[in-house]
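Numbering (the UniProt record's numbering), first residue to last: 1 to 289. Reviewing the structure listed below.
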């Protein structure tokens, strides 16, 4: 009850002490403080087990983040969830390394240079000379960040910060995907934020986030507003059909919905901002379906 009152009900320690005293429980303020601040490893372990079981319970996970104020500083609040669990995290950053840390649930990220990491960096157009300098790390296995950065500094003393970030991300992704100790997420459902790219084999975009782009349009003419309202209604009708398909998937219905997507998002309304937005959504078909 002490933990529930303190964290859930936002009661002060003195108020908790008064409540317990009023119902005849003799306890010191210091003991209440100890309950709140000490011996929490069991709770942390339980959280890790819940997240592991949650990840294993579904073939996909949803993730989203937003800004949060923590003790007067700007940080980032992230939720990881599926139909069976939700877990919440606060991090000072919302970059790709922070996301990998959430998905991996490791105490400390590890970094690995393997053929996948090198191929990833080659695809990101990292200089051939830098790629060549990384090859000695192929024989060294996964490392903690401190050692990995030390090896990087020895191999490439003049490495630019931008290139270093690319290498750290590639190595962290490679290590995450090679890690046999924790369940690896295969499909991540998210918005189109860059920090969610590349981490999992498959990435799907969230329709709710995509539709918000249409909400942000600000038509000046009543006619354009009607066009926007009508098109948003078509989006949600299509989304409803997708949810019905999910309940009873079949190849024929899959083909029909794919064709219907093309039909809807090939619409030309004459309202330029809306037409541009429709075209952008059409380009995301593979990630929305």
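We treat Cβ as the ideally placed atom computed from N, Cα and C, and that holds for glycine.
Close Cβ partners of residue 74 (< 7 Å) along its chain, the five nearest in sequence each way excluded
Position 74 of the chain shown, counted from the start, is the residue given in the question as residue 74. Once the five neighbours on either side are set aside, the close Cβ partners of residue 74 are 67.
Alpha carbon to alpha carbon, what distance is there between residue 57 and residue 217?
Taking the first residue of the chain shown as 1, we reach residue 217 at position 217. Taking the first residue of the chain shown as 1, we reach residue 57 at position 57. Using only the alpha carbons, I get a separation of about 38 Å.
Residue 281 by DSSP, collapsed to three states: which one?
As a position in the chain shown, residue 281 is number 281, starting the count at 1. The answer is helix: DSSP assigns residue 281 an H, G or I state.
Could you tell me the alpha carbon to alpha carbon distance between residue 119 and residue 176, rounded to whole angstroms?
By one-based count along the chain shown, residue 119 stands at place 119. By one-based count along the chain shown, residue 176 stands at place 176. Taking the straight line joining both Cα atoms gives about 16 Å.
C-beta contact flag for residue 82 and residue 61 at 7 Å:
Against the chain shown, residue 82 aligns to sequence position 82. Against the chain shown, residue 61 aligns to sequence position 61. Cβ distance < 7 Å, so residue 82 and residue 61 count as in contact.
Extent of the continuous beta strand (DSSP E) run through residue 238:
Mapped onto the chain shown, residue 238 falls at position 238. First-last for residue 238: 222–247, but that is the alpha helix (DSSP H), not the beta strand (DSSP E).
Would you mind working out which of 255, 144 and 197 sits nearest residue 108, comparing C-alpha positions?
For the purposes of this step, residue 108 is taken as residue 108 along the chain shown, with counting starting at 1. With distances taken between Cα atoms, residue 108 lies closest to 144.
Reduced DSSP category for residue 186 - H, G, I as helix; E, B as strand; rest coil
Along the chain shown, read from residue 1 onward, the residue named residue 186 stands at position 186. If DSSP states are grouped into helix, strand and coil, residue 186 belongs with coil.
Within its chain, find whatever has a CB closer than 7 Å to the CB of residue 124; leave out the 5 residues flanking it on each side and keep chain order.
Counted from its first residue, the chain shown places residue 124 at position 124. So the list reads 166, once near-sequence residues are dropped.
Ranges of the alpha helix (DSSP H) found wholly within the segment 96–138, counting only runs of at least 4
96–104, 115–123 and 128–134
In whole angstroms, give me the CA-to-CA distance for residue 13 and residue 42.
On the chain shown, position 13 is the one that residue 13 refers to. On the chain shown, position 42 is the one that residue 42 refers to. Going from the Cα of residue 13 to the Cα of residue 42 covers about 22 Å.
Is residue 60 helix, strand or coil by DSSP?
In the chain shown, residue 60 corresponds to position 60, counting from 1. If DSSP states are grouped into helix, strand and coil, residue 60 belongs with the strands.
Touch check for the segment 237–253 and the segment 272–279: three-plus C-beta pairs under 8 Å?
no
Which same chain residues, not among the five before or five after residue 121, have their C-beta less than 7 Å away from its C-beta?
Residue 121 sits at position 121 when you count from the first residue of the chain shown. So the qualifying residues of the chain are 131, 166, 167 and 170.
Identify the continuous alpha helix (DSSP H) that holds residue 256 and give its terminal residues.
The residue given as residue 256 occupies position 256 in the chain shown. Taken as a continuous stretch (DSSP letters only), the alpha helix (DSSP H) holding residue 256 covers 251–264.
Does the Cβ-Cβ distance between residue 16 and residue 32 come in under 7 Å?
Residue mapping note: residue 16 aligns to position 16 of the chain shown, counting from 1. Residue mapping note: residue 32 aligns to position 32 of the chain shown, counting from 1. A contact, by the Cβ cut-off of 7 Å.
Using alpha carbons as the reference points, say which of 182, 129 and 214 lies closest to residue 160.
Counting from 1 along the chain shown, the entry for residue 160 is found at position 160. Selected option, being the one with the closest Cα: 129.
I'd like the list of long-range same chain contacts for residue 273, defined as Cβ closer than 6 Å, with 5 residues on each side in sequence excluded.
Here residue 273 refers to the residue found at position 273 when the chain shown is read from its first residue. Excluding positions up to five away in sequence, the list reads 217.
7 Å CB neighbourhood of residue 93 in its chain, flanking five on each side removed
If you number the chain shown from 1, residue 93 lands on position 93. Closer than 7 Å at Cβ, skipping near neighbours: 76.
Cβ-based burial, residue 286 [other Cβ within 10 Å; buried from 16]
Residue mapping note: residue 286 aligns to position 286 of the chain shown, counting from 1. It counts as exposed.
Quick check: residue 180 and residue 201, are their CB atoms within less than 7 Å of each other?
For the purposes of this step, residue 180 is taken as residue 180 along the chain shown, with counting starting at 1. For the purposes of this step, residue 201 is taken as residue 201 along the chain shown, with counting starting at 1. Taking 7 Å as the Cβ cut-off, residue 180 and residue 201 do not qualify as a contacting pair.
Compare the Cα-Cα distances from residue 289 to each of 3, 267, 253 and 151 and report the closest residue.
Position 289 of the chain shown, counted from the first residue, corresponds to residue 289. Closest option to residue 289, Cα to Cα, is 253.
Span separating the alpha-carbon of residue 214 from that of residue 106
Against the chain shown, residue 214 aligns to sequence position 214. Against the chain shown, residue 106 aligns to sequence position 106. Between residue 214 and residue 106, the C-alpha separation is close to 38 Å.
So what's residue 28 in DSSP terms, helix, strand or just coil?
Your numbering for residue 28 matches position 28 in the chain shown. Note: residue 28 maps to coil in three-state DSSP.
8 Å contact criterion, which residue 63 and residue 188 should meet: CB distance rounded
Counting from 1 along the chain shown, the entry for residue 63 is found at position 63. Counting from 1 along the chain shown, the entry for residue 188 is found at position 188. Contact holds; Cβ gap of about 6 Å.
If you drop the 5 nearest sequence neighbours on each side, which residues of the same chain put their C-beta closer than 7 Å to that of residue 24?
By 1-based counting over the chain shown, the position of residue 24 is 24. Once the five neighbours on either side are set aside, residue 24 has no close Cβ partner at all.
Contact check, residue 172 vs residue 111, beta carbons under 7 Å:
Counted from its first residue, the chain shown places residue 172 at position 172. Counted from its first residue, the chain shown places residue 111 at position 111. The answer is yes: Cβ separation under 7 Å.
Looking at the structure shown, is residue 35 part of a helix, part of a strand, or coil, going by DSSP?
Reading the chain shown from its first residue, position 35 is the one you call residue 35. Looking at residue 35 - three-state DSSP - the assignment turns out to be helix.
Closest Cα partner of residue 266 within the set 242, 244, 234 and 255:
Here the question's residue 266 lines up with position 266 in the chain shown. Among 242, 244, 234 and 255, the Cα nearest to that of residue 266 belongs to 234.
Just the C-alpha distance for residue 45 and residue 79, rounded to the nearest angstrom, thanks.
Counting from 1 along the chain shown, the entry for residue 45 is found at position 45. Counting from 1 along the chain shown, the entry for residue 79 is found at position 79. Looking at the two C-alpha atoms, the distance is approximately 18 Å.
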